[in-house]
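From first to last, the protein sequence lines stand for chains A and B.
With the first letter of the first sequence counted as 1, position 387 gets the number 387 in full-length UniProt numbering; the numbers rise by one all the way through.
With the first letter of the second sequence counted as 1, position 199 gets the number 199 in full-length UniProt numbering; the numbers rise by one all the way through.
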Amino acid sequence: MTETSTSAPATAPAPVPALRLHGVSKSYAGNPAVTDVHLEVLPAEVHALVGENGAGKSTLMGIAAGSLAADTGTVEIAGQELTSASPALAHELGLAVVYQHPAILDDLTVLENLLLAVPSARRTDPVKAWARAQLDRVGLDVDLSARASELRTAERQLLEIGKAVALQPKVLVLDEPTESLTQDQVERVFALVAELTAAGTAVIYISHRIAEVRRVADRITTLRNGIIRGTAATGTLTDDDIVEMVVGRALEAVFPPKHPDQGDVGLRVTGLSGAGFRDVDLVCRRGRIVGLAGVEGNGQREVIRALAGLGSVSAGEVVLQGEPLTVSTPGHVARRGVRFIPDDRTSEGLFADLSVRENMTVTHLPALARAGVVSTSREREAVAVGTAGTSIRAASDEVEVRTLSGGNQQKVIFARAMMTEPTLLLCDEPTRGVDVGARREIYQMLRELADDGASVVVLSSDAAELAGLCDDVTVLSAGRVAAQLHDDEVTEQAITGAALRSVHSRHDDADAPVAPEKKRSRGRDPLTWARRSDGAPGLLLLALAVVLAIVTTSRTPTFLGELNVQGLLVATTALGFVALGQLTVVMTGGIDLSAGPVLGLTIIVLSFTATDGGTVGVVTGALIALAVAAGVGLLNAGMVVLGGLPPIVATLATFVAVQGLTLLLRSTPGGLMDPTLLGLPYHAIGPVPIIFIVLVVVAVLAERLLRGAGGRALRATGSHRIAAERLGVRSGRATAAAYVLSSLGAGLAGIVVAGQIGIGDPTQGVSYTLTGITAVVLAGASVYGGRGSYPGVLAGALLLAMLSNASSFLGLDQAWQYWLPGGLMLVATAIAFRARGGQTVAGAH
Amino acid sequence: MPSALSADHDQLPASAATPAAAARPGGAVRRWFGSGFATVWLLTIALFVVSAITVPGTVDSSALQSMLPFAALLAVAAMGQTLVAQQAGLDLSSAGIISISAVTVVEVSGGADGKLVPAILAALALGALGGLVNAVAVTRFGITPFVATLGVSALAQGTILSVTGGTMSASAPPALTSAVSDRVLGLPVLIWLTIVIVALVAWVGRRTVLGRRVELTGANPAAARAVGLPVRTTIAGAYVAAGVCYGLTGVLLAGFIGRPSAFQGDPYLLSTIAAVAIGGTAFAGGRASVVATAGGALFLTQLSQVVVAAGFPPAAQNLAQGLVIAVGVGLGTRRLLPRLGSRRRRASTAA
Numbered sequence: 001m002t003e004t005s006t007s008a009p010a011t012a013p014a015p016v017p018a019l020r021l022h023g024v025s026k027s028y029a030g031n032p033a034v035t036d037v038h039l040e041v042l043p044a045e046v047h048a049l050v051g052e053n054g055a056g057k058s059t060l061m062g063i064a065a066g067s068l069a070a071d072t073g074t075v076e077i078a079g080q081e082l083t084s085a086s087p088a089l090a091h092e093l094g095l096a097v098v099y100q101h102p103a104i105l106d107d108l109t110v111l112e113n114l115l116l117a118v119p120s121a122r123r124t125d126p127v128k129a130w131a132r133a134q135l136d137r138v139g140l141d142v143d144l145s146a147r148a149s150e151l152r153t154a155e156r157q158l159l160e161i162g163k164a165v166a167l168q169p170k171v172l173v174l175d176e177p178t179e180s181l182t183q184d185q186v187e188r189v190f191a192l193v194a195e196l197t198a199a200g201t202a203v204i205y206i207s208h209r210i211a212e213v214r215r216v217a218d219r220i221t222t223l224r225n226g227i228i229r230g231t232a233a234t235g236t237l238t239d240d241d242i243v244e245m246v247v248g249r250a251l252e253a254v255f256p257p258k259h260p261d262q263g264d265v266g267l268r269v270t271g272l273s274g275a276g277f278r279d280v281d282l283v284c285r286r287g288r289i290v291g292l293a294g295v296e297g298n299g300q301r302e303v304i305r306a307l308a309g310l311g312s313v314s315a316g317e318v319v320l321q322g323e324p325l326t327v328s329t330p331g332h333v334a335r336r337g338v339r340f341i342p343d344d345r346t347s348e349g350l351f352a353d354l355s356v357r358e359n360m361t362v363t364h365l366p367a368l369a370r371a372g373v374v375s376t377s378r379e380r381e382a383v384a385v386g387t388a389g390t391s392i393r394a395a396s397d398e399v400e401v402r403t404l405s406g407g408n409q410q411k412v413i414f415a416r417a418m419m420t421e422p423t424l425l426l427c428d429e430p431t432r433g434v435d436v437g438a439r440r441e442i443y444q445m446l447r448e449l450a451d452d453g454a455s456v457v458v459l460s461s462d463a464a465e466l467a468g469l470c471d472d473v474t475v476l477s478a479g480r481v482a483a484q485l486h487d488d489e490v491t492e493q494a495i496t497g498a499a500l501r502s503v504h505s506r507h508d509d510a511d512a513p514v515a516p517e518k519k520r521s522r523g524r525d526p527l528t529w530a531r532r533s534d535g536a537p538g539l540l541l542l543a544l545a546v547v548l549a550i551v552t553t554s555r556t557p558t559f560l561g562e563l564n565v566q567g568l569l570v571a572t573t574a575l576g577f578v579a580l581g582q583l584t585v586v587m588t589g590g591i592d593l594s595a596g597p598v599l600g601l602t603i604i605v606l607s608f609t610a611t612d613g614g615t616v617g618v619v620t621g622a623l624i625a626l627a628v629a630a631g632v633g634l635l636n637a638g639m640v641v642l643g644g645l646p647p648i649v650a651t652l653a654t655f656v657a658v659q660g661l662t663l664l665l666r667s668t669p670g671g672l673m674d675p676t677l678l679g680l681p682y683h684a685i686g687p688v689p690i691i692f693i694v695l696v697v698v699a700v701l702a703e704r705l706l707r708g709a710g711g712r713a714l715r716a717t718g719s720h721r722i723a724a725e726r727l728g729v730r731s732g733r734a735t736a737a738a739y740v741l742s743s744l745g746a747g748l749a750g751i752v753v754a755g756q757i758g759i760g761d762p763t764q765g766v767s768y769t770l771t772g773i774t775a776v777v778l779a780g781a782s783v784y785g786g787r788g789s790y791p792g793v794l795a796g797a798l799l800l801a802m803l804s805n806a807s808s809f810l811g812l813d814q815a816w817q818y819w820l821p822g823g824l825m826l827v828a829t830a831i832a833f834r835a836r837g838g839q840t841v842a843g844a845h
Numbered sequence: 001m002p003s004a005l006s007a008d009h010d011q012l013p014a015s016a017a018t019p020a021a022a023a024r025p026g027g028a029v030r031r032w033f034g035s036g037f038a039t040v041w042l043l044t045i046a047l048f049v050v051s052a053i054t055v056p057g058t059v060d061s062s063a064l065q066s067m068l069p070f071a072a073l074l075a076v077a078a079m080g081q082t083l084v085a086q087q088a089g090l091d092l093s094s095a096g097i098i099s100i101s102a103v104t105v106v107e108v109s110g111g112a113d114g115k116l117v118p119a120i121l122a123a124l125a126l127g128a129l130g131g132l133v134n135a136v137a138v139t140r141f142g143i144t145p146f147v148a149t150l151g152v153s154a155l156a157q158g159t160i161l162s163v164t165g166g167t168m169s170a171s172a173p174p175a176l177t178s179a180v181s182d183r184v185l186g187l188p189v190l191i192w193l194t195i196v197i198v199a200l201v202a203w204v205g206r207r208t209v210l211g212r213r214v215e216l217t218g219a220n221p222a223a224a225r226a227v228g229l230p231v232r233t234t235i236a237g238a239y240v241a242a243g244v245c246y247g248l249t250g251v252l253l254a255g256f257i258g259r260p261s262a263f264q265g266d267p268y269l270l271s272t273i274a275a276v277a278i279g280g281t282a283f284a285g286g287r288a289s290v291v292a293t294a295g296g297a298l299f300l301t302q303l304s305q306v307v308v309a310a311g312f313p314p315a316a317q318n319l320a321q322g323l324v325i326a327v328g329v330g331l332g333t334r335r336l337l338p339r340l341g342s343r344r345r346r347a348s349t350a351a
């Protein structure tokens with residue numbers, strides 16, 4: 001072992017370290033992830049942490065940030081011990097983390113993301129000016145009220161950095177901060193790092209890119225297999241030293257030798273145009289590897305995806321091995337032997353929950369089958385060959401592929417492609433997030449494939465990688481070919497130069513088609529508002545309700561009679577409370593099926609507790625009934641939050657059980673309610689019942705709370721639970737509160753219905769579950785969580801109550817009471833989906 | 001260094017680790033236990049043992065004869081729910097489609113044997129149509145599955161009421177009634193039919209290219225699309241197949257009940273979900289087992305029987321079911337044995 005074991009300088013009376021890890025160890029299911037780590041990071045230094053994927057860097061930083069609990073050892077931030085694994089506490093002590101996958105909540109606005117991340121004590125008023133200043137610091141020019149989902153990858157990264165810097169941390173952890181940034185943006189981040197360290201902040205810089213690390217870091221610590229292999233001042237280390245410490249062995253040449261011969265043409269692309277690129281020519285000769293280069297967002301990704309059948313092509317010709325190739329769908333090109341390796345392997349490359357075997361044989365499956373039946377033995381053989389050929393390290397072929405390290409996952413995808421002897425291999429960032437050792441093996445595989453006669457096209461944002469690997473490189477700028485480099489011309493300088501030089505000319509070339517961007521307007525035009533607002537569907541529902549009222553009244557004037565309006569509003573109130581509660585749960589990404597039965601249970605409890613005693617008796621009885629409802633909510637919360645059950649299953653269980661409990665308490669109607677309760681729904685100001693006014697007030701207050709800190713936590717939880725937790729949001733608490741509130745809503749509705757029917761009828765209530773969900777869905781709430789509007793849901797409840805009321809006035813068939821809500825629901829969600837410019841399941845997301 | 005051993009272990013070359021694990025004797029059994037689909041059968045066996053001890057009347061021949069048809073009907077309907085769950089969906093249209101199919105068989109045949117075949121075909125076609133509307137709503141219009149299917153269920157329910165006015169004009173044709181309840185080898189035809197269908201669907205899912213592609217699509221539609229699989233068609237196919245399952249349930253139910261109501265399918269709305277959940281198929285998509293779902297259906301049906309036979313009020317059925325869903329699924333998600341290869345590479349959490 002030739003490791004440089006220089007520990008932190010212990011000679012001079014060192015200042016209090018900004019971060020000190022002492023004897024930290026952590027295992028997962030008995031496997032050590034990090035072992036006995038001692039690390040001191042000093043104020044005002046940039047300390048790089050370098051290691052392969054799976055070396056334990058992220059675990060270590062997770063422990064420092066309080067998002068993971070260490071098994072042993074202590075963490076001190078600026079001299080104070082992190083006494084419990086809590087991201088909120090770590091923030092308080094002065095540590096902020098910029099995650100490689102930004103902890104950005106898509107359903108919240110840019111401003112809300114900032115507010116969620118930074119406690120009010122660290123902000124200045126006015127909040128918008130403060131937020132603007134934070135964004136300016138990282139060079140992010142976006143609308144504060146834009147939804148984070150509208151941001152591009154690089155902008156999200158910058159926002160993530162901005163959030164961390166705004167915390168004014170004593171220790172800033174940057175985990176691969178530059179992966180998606182352009183060179184300009186990288187420079188800006190480096191300048192920011194320099195500025196922060198000058199002010200005394202310690203920066204921990206985690207990166208795969210040795211050149212970057214050398215440029216920015218004062219000291220470097222390397223980590224391998226969870227053990228620190230050494231810490232040294234940057235100047236004392238050569239690149240080779242670093243690589244050797246990281247991989248534990250000296251690497252042979254990283255890149256395989258190139259292929260100087262000019263063979264037959266394998267792939268010829270002529271004049272290809274489509275969304276984001278125009279007039280692209282590309283030639284790949286037998287045995288050679290072609291690179292696609294350019295500054296991020298200049299059309300190169302669109303070109304490679306178009307060749308894979310995943311983009312749109314308007315003109316041009318693709319010829320593969322002498323025959324024209326139609327690049328209309330992935331299925332088409334796959335049948336011609338084209339294999340695509342996407343840049344984001346988790347979302348588009350892997351079937352994470354399926355086994356290594358199933359992942360590997362995806363495309364090869366028909367060849368392993370006879371008459372459509374897969375031969376188990378042939379599949380195993382094929383997998384064994386594939387695993388050996390790519391030296392995948394996995395406990396067995398049957399482990400789920402998500403349990404592998406990044407490098408091994410990528411190798412599984414390569415093994416999948418190689419199994420079928422591809423005619424054309426398209427690789428988008430083949431080594432992103434892959435460690436040095438695996439990287440070398442991947443380069444080797446690509447070269448072997450080219451030698452075997454496949455055309456290989458590689459897109460990479462790393463010019464050094466392209467220079468080392470490729471025989472020819474095509475550089476794109478603003479969607480057009482800016483340069484074609486061959487053989488000796490293929491150098492890092494030439495690639496970067498061509499990409500950058502043309503970037504400047506990009507602004508002069510007004511006609512140039514730029515890469516497609518998500519549509520984004522900054523103005524306050526109504527369309528933008530409607531798309532961004534959660535309340536727009538509610539207004540539409542209200543308008544529909546008004547139209548329905550006008551139509552019905554014109555046919556039967558008594559529809560707007562005082563008595564009917566009052567009855568209608570009472571019905572709206574009951575449904576409204578259920579729907580408000582349901583929305584709270586839906587906002588967390590869950591669903592509460594038990595709302596209806598809880599409403600029913602409340603009625604039965606009231607039929608025991610609120611049968612006499614006047615106002616005092618009824619209030620006491622109602623409180624008992626609400627307490628019972630809240631108890632059911634707690635049960636749901638416990639099963640979902642503590643038990644980890646899917647919300648549908650947990651609330652289905654309570655749905656059935658609460659129904660049973662209700663029937664046990666009363667199998668037939670009985671228990672007359674106290675007259676006070678009977679009168680409750682009909683106390684009214686004019687035709688408007690007081691309880692309806694209460695409902696409206698509750699909805700408005702709830703909406704206000706939703707935009708405040710508590711509501712942000714709720715929406716953050718629904719938007720992206722894990723990211724929210726990293727930001728210190730107590731998502732368990734928020735989720736639990738939502739289930740209790742939902743049950744309380746059902747309980748309040750139960751009181752209203754009890755007043756209406758006057759007797760404990762065990763058959764009441766169950767139908768409110770589906771109607772409540774219908775109201776929520778009609779109001780345009782996202783059933784995936786994070787978005788919704790309380791007043792909107794109220795409008796939904798009003799419309800639904802009106803539909804069932806009006807159909808009797810209009811003499812409509814009973815069928816319409818099913819057709820209208822059902823049809824409306826389908827139409828409304830389809831429109832909402834279009835308005836948000838979404839893609840169907842089948843499209844990539 | 002205490003960690004040296006395991007650190008080195010991680011570095012084992014693939015050739016040493018992989019074939020050994022693949023060839024381990026009893027690997028299939030272990031995998032089955034590790035998959036989470038075995039739990040339901042152990043629960044079911046335990047339930048029957050408890051039934052035999054505490055309420056022996058529920059496991060004698062006549063009790064089983066009366067319980068099994070209900071379990072079989074639920075198993076067929078829940079098979080449809082499983083196929084949708086496999087595509088990360090939730091199907092709330094089972095109630096409406098089962099009702100409309102049951103009603104269709106009766107109404108189209110007019111209770112006469114002569115028109116039974118066209119009546120059955122019409123019922124199945126309606127089931128497929130319902131599934132197709134679900135499929136189009138989900139794959140073309142991007143409507144969330146449970147919203148789409150809830151809407152379709154309401155449309156079906158409205159159609160029943162509109163056409164029949166809520167009352168049936170006839171009963172199921174005698175030929176259907178006897179075909180469902182006649183016994184072969186001591187069991188009603190309905191049971192045999194269910195066993196054959198479940199076995200067939202399970203075999204297709206496990207062993208064929210089609211079954212694998214369905215699983216892959218459910219596990220990650222974006223990745224399935226990128227490798228050229230026909231994602232939309234597959235997802236749509238799952239909904240249509242589910243619709244046919246509900247249609248078949250409706251037909252069998254009509255034969256079994258004789259005179260179905262306009263809301264005959266309602267109990268299946270939630271019980272199909274419960275059977276899938278207890279069976280261990282996750283609603284997140286990907287891995288699914290129709291056999292385990294059938295086990296879930298058997299379990300739930302026997303449980304109701306036991307609770308009633310034990311002298312509890314009928315309402316206690318619900319309490320027991322609720323408890324079992326929560327506990328059963330809680331156990332199911334924990335899995336009985338640690339998964340194969342639980343020596344998880346630290347990378348999964350660290351990288």
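We treat Cβ as the ideally placed atom computed from N, Cα and C, and that holds for glycine.
(message) Rounded to whole angstroms, what is the Cα-Cα separation between glycine 638 (chain A) and valine 649 (chain A)?
(response) 13 Å
(message) Three or more C-beta pairs under 8 Å: does that hold for the stretch 228 to 243 of chain A against the stretch 443 to 455 of chain A?
(response) no
(request) Could you say which of A:Leu272, A:Val319, A:Val254, A:Ala275 lies nearest to cysteine 284 (chain A) if we only look at CA atoms? (result) A:Val319
(message) Output needed for residue 352 (chain B): all residues of its chain with C-beta closer than 6 Å, excluding positions within five of it in sequence on either side, in chain order.
(response) Residue 352 (chain B) cannot be examined here, being either before or after the span of chain B that is shown, 1 to 351.
(request) Check lysine 163 (chain A) in the structure and name its three-state DSSP category. (result) helix
(request) Inspect the beta-carbon positions of valine 240 (chain B) and glycine 142 (chain B) and report whether they are closer than 7 Å. (result) no
(message) Going by beta-carbon coordinates alone, are arginine 212 (chain B) and leucine 365 (chain A) separated by less than 7 Å?
(response) yes
(message) Does arginine 122 (chain A) pass the burial test, meaning 16 or more other C-beta atoms within 10 Å, or should it be called exposed?
(response) exposed
(request) Report the three-state DSSP secondary structure of glutamate 76 (chain A) (helix, strand or coil). (result) strand
(request) Consult DSSP for alanine 482 (chain A) and reduce its assignment to one of helix, strand or coil. (result) strand
(message) Can you find the residues in the same chain that come closer than 6 Å, C-beta to C-beta, to glycine 205 (chain B), ignoring five residues on each side of it along the sequence?
(response) Gly211
(request) Leaving out five residues on either side along the sequence, give the residues of the same chain with a beta carbon under 7 Å from the beta carbon of serine 789 (chain A). (result) Asp534, Gly535, Gly538, Glu703, Ala779
(message) In whole angstroms, give me the CA-to-CA distance for glycine 237 (chain B) and alanine 135 (chain B).
(response) 8 Å
(message) Quick check on serine 171 (chain B): does DSSP put it in helix, strand or coil?
(response) coil
(request) Could you confirm whether any beta carbon from chain A is found closer than 7 Å to the beta carbon of serine 109 (chain B)? (result) no
(request) Classify aspartate 508 (chain A) as helix, strand or coil using the three-state DSSP reduction. (result) Any reading at aspartate 508 (chain A) is ruled out, since the residue's pLDDT is 36, under 50, leaving its predicted position unreliable.
(message) Contact criterion: CB-CB distance below 7 Å. Does phenylalanine 312 (chain B) meet it with respect to chain A?
(response) no
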